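To keep things clear, I will list the structure first and then write my remarks on it.
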Amino acid sequence: MSIHTIATTPFAGQRPGTSGLRKKVSQFQQPGYLENFIEAIFLTLGDAPASERRSIVVGGDGRYFNREAIQTILRMAAAHGVARVLVGQGGILSTPAVSCVIRKHAAFGGIVLSASHNPGGPDGDFGIKYNIGNGGPAPESITEAMFAHTQALTSYRISDGGPVELDRLGTSRIENMVVEVIDPVADYAALMARLFDFKAISALFAGGLRMRFDAMHAVSGPYARAILEGLLGAPAGTVVNGEPLEDFGGGHPDPNPVNAAELIAHMEGVDAPDFGAASDGDGDRNMIVGRGIAVTPSDSLAIIAANASLAPGYAGGIKGIARSMPTSTAADRVADALGISCFETPTGWKYFGNLMDANLVTLCGEESYGTGSHHIREKDGLWAVLFWLNLLAVRGESVEQIVRAHWARFGRNYYSRHDYEAVDAVAADAMMTALRDKLPDLAGQSFGRYRVALADDFVYTDPVDHSVATRQGIRIAMVDGSRIVLRLSGTGTEGATIRLYLERYEADPAHHDIEPQLALAELIDIAHSISGLRHYTGRERPTVIT
Ligand code: G1P
Ligand code: ZN
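In the working numbering, the protein residues as written are 2 to 547.
Dropping the structure here:
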């Protein structure tokens with residue numbers, strides 16, 4: 002085997018965003034494209050001295066191009082002095098499992114191959130993300146350095162060794178580098194068994210609790226089967242669509258009531274199971290559904306926080322909570338009641354890393370179906386599902402009873418997100434610019450029964466490293482706690498996506514049964530009249546409402 006230096010042209014790619022680099026598969030298949038990005042990762046990390054015995058973790062969500070990309074990454078890792086690579090069997094590792102394996106094996110970092118919930122297959126998307134030694138997404142300083150390398154590099158280094166057998170557990174070599182094919186589920190399952198009361202949850206299944214977990218033909222299938230049906234004794238068939246497919250069965254593996262409509266329909270049917278859940282392409286998102294009730298992610302975070310001490314891994318209580326800015330303030334109310342802090346961060350899981358590393362927060366959540374804790378440094382779909390199962394087991398109540406009891410105690414935060422996808426990017430920018438200009442005049446203004454308490458473009462100063470993130474979204478907070486938030490998506494692949502987030506606080510249980518779009522109707526009108534969204538985009542209604 003030998004190592005080659007191959008000439009290449011700099012990479013004409015976007016900056017890797019909060020979720021790494023996401024592009025069409027066809028783009029990744031262009032000669033040198035994948036190699037350029039991987040070279041930029043290794044140049045940023047710098048070659049390790051042999052004495053460091055540096056190891057990295059590699060795995061993906063099983064989408065089309067996963068196996069090919071892994072073989073290339075392995076050959077390039079061998080050419081850059083990596084001593085050992087841990088790869089999931091079959092190239093499979095969910096995003097939370099990568100985080101778990103990095104931490105457990107004290108790896109230097111990890112490469113996650115996924116475009117999360119974006120469609121897969123030859124015509125779909127592919128993605129690459131680098132995670133650092135704490136198991137979490139690389140911070141901006143590192144992703145910026147990678148981007149700079151992609152613009153400047155003129156060659157990449159690769160071994161002509163391999164390919165490595167990915168389907169058999171065990172070790173092999175490329176050059177001096179050891180490749181260890183590991184069970185993708187084992188370390189993750191062991192961690193879950195330490196955090197949750199597996200005995201109580203098993204008893205719940207033995208007692209007849211019926212559950213439906215929709216893996217949406219994506220990576221969480223093998224994890225859910227091994228843990229729910231294997232370790233916890235749920236009946237076979239509890240996990241549906243459990244086989245990861247290269248094109249996710251043609252579906253859109255994003256667990257929300259729109260994309261997981263089949264699960265929602267099931268949970269509303271006459272023979273609905275007691276508990277329903279779904280996860281996304283790479284296994285980091287979750288949706289929680291009870292019989293006839295879908296729990297909003299913002300409520301789920303607040304409910305988990307309020308009940309955290311019921312799960313063994315959190316029996317000592319929680320330190321603090323962090324939520325992304327557009328996530329509802331339901332968690333803030335719980336934090337107040339518990340006397341702990343609640344941090345508001347920009348959108349994207351990477352902002353939680355420092356807070357968890359500094360032991361300032363235990364639980365984190367985003368409205369976009371992401372929930373997690375300091376057990377790893379990524380959001381974790383199955384973790385949230387197991388948390389809910391633990392709550393059902395200990396409280397002996399249904400999902401709906403738990404949610405209603407929470408609203409009765411803390412009040413209900415009606416919540417909805419309206420997405421306007423693939424709108425003209427210039428029009429979207431013009432709308433945001435005009436809105437920013439209006440902000441100084443909004444405070445104190447009244448709109449019907451709402452009076453604006455605060456209007457700004459969210460700026461976040463990290464309490465740990467004091468880095469500042471500006472322009473993180475428009476917040477318009479009303480005196481009664483209701484809010485309107487507007488921001489542009491950072492993950493869309495076509496034009497711009499405008500996200501409008503709406504939240505109305507209602508303390509009185511007599512008013513906890515309004516259909517959310519109705520409850521929010523007045524705020525929706527106010528948001529449109531302030532932003533001129535329809536005027537700028539020419540769109541009458543959102544593409545997706547969740
Ligand atoms: C979306 C979600 C955000 C999440 C990100 C990655 O980003 O809104 O909460 O962290 O995907 O999963 P956006 O497209 O809004 O920038
Ligand atoms: Zn994901």
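Just so it is clear, CB atoms sit at the ideal spot from N, CA and C, and this is done for glycine as well.
Every value quoted in this text rests on a predicted model; they were computed, and no experiment measured them.
- Going by beta carbons, residue 21 and residue 75 fall outside the 7 angstroms limit.
- Pairwise C-beta distances place the region 260 to 271 out of contact with the region 130 to 150, as fewer than three of them are shorter than 8 angstroms.
- Relative to the ligand G1P, the beta carbon of residue 372 is positioned no closer than 6 angstroms to any heavy atom.
- According to DSSP, residue 343 shares a beta bridge with 322.
- In this structure the region 271 to 290 does not lie against the region 309 to 323, because fewer than three pairs of beta carbons, one per stretch, are closer than 8 angstroms.
- Taking a C-beta distance under 7 angstroms as the contact criterion, residue 332 and residue 319 do not qualify as a contact pair.
- Runs of the alpha helix (DSSP H) lying entirely within the region 82 to 159, each at least 4 residues long, are 96 to 105, 141 to 153 in chain order.
- Residue 172 is bridged by DSSP to 181.
- If you ignore the 5 residues before and after residue 452, its C-beta comes within less than 6 angstroms of the C-beta of 480, all in its own chain and listed in chain order.
- Going by beta carbons, residue 324 and residue 274 fall outside the 7 angstroms limit.
- DSSP lists no beta-bridge partner residue for residue 67.
- Taking a C-beta distance under 7 angstroms as the contact criterion, residue 181 and residue 94 do not qualify as a contact pair.
- The beta carbon of residue 62 sits no closer than 6 angstroms to any heavy atom of the ligand ZN.
- Residue 482 and residue 342 have their C-alpha atoms roughly 18 angstroms apart.
- Unbroken beta strand (DSSP E) runs of no fewer than 3 residues, entirely contained in the region 377 to 427, are found at 413 to 424, following chain order.
- Listed in chain order, the non-local C-beta contacts of residue 3 below 8 angstroms within the same chain comprise 160, 161, local neighbours out to five positions each way being set aside.
- Counting C-beta atoms within 10 angstroms of its own C-beta, residue 57 has 16 or more neighbours from the protein chains shown and is therefore classed as buried.
- Taking C-alpha positions only, residue 308 is separated from residue 317 by approximately 12 angstroms.
- Under the Cβ criterion (8 angstroms, minimum of three pairs), the region 239 to 246 counts as touching the region 205 to 221.
- At least one heavy atom of the ligand G1P is found less than 6 angstroms from the C-beta of residue 349.
- Exclusion of the five residues before and after residue 488 leaves 474, 500 as the residues of its chain whose Cβ lies within less than 6 angstroms of its Cβ.
- Residue burial annotation: residue 427 is exposed, with fewer than 16 other C-beta atoms found within 10 angstroms of its C-beta.
- Closer than 6 angstroms to some heavy atom of the ligand ZN: that describes the Cβ of residue 281.
- From the listed residues 67, 82, 131, 62, the smallest Cα separation to residue 103 is found for 131.
- The continuous beta strand (DSSP E) containing residue 486 extends over residues 484 to 489.
- Counting along the chain, residue 192 sits inside the alpha helix (DSSP H) bounded by residues 187 to 196.
- Each of 183, 117, 208, 424 was checked against the Cα of residue 256, and the nearest Cα belongs to 117.
- Scanning its chain for C-beta atoms nearer than 8 angstroms, with the 5 sequence neighbours on each side dropped, one finds around residue 234 the residues 203, 206, 207, in chain order.
- The alpha-carbon of residue 502 is positioned some 12 angstroms away from that of residue 543.
- Assigned with DSSP and collapsed to three states, residue 5 falls in strand.
- In this structure, 386 is the residue among 338, 386, 463 with its C-alpha nearest to the C-alpha of residue 197.
- For residue 70, the CB contacts under 8 angstroms within the same chain, skipping 5 residues up- and downstream, are 29, 35, 61, 114, 127, 129 in chain order.
- Considered as a whole, the region 280 to 308 harbours 298 to 307 as its complete alpha helix (DSSP H) runs of no fewer than 4 residues, in chain order.
- The ligand G1P has a heavy atom closer than 6 angstroms to the beta-carbon of residue 367.
- If the five residues before and after residue 173 are omitted, its C-beta is found closer than 7 angstroms to the C-beta atoms of 165, 166, 180, all from its own chain and listed in chain order.
- Within the chosen limit of 6 angstroms, the ligand ZN does not reach the beta carbon of residue 169 with any heavy atom.
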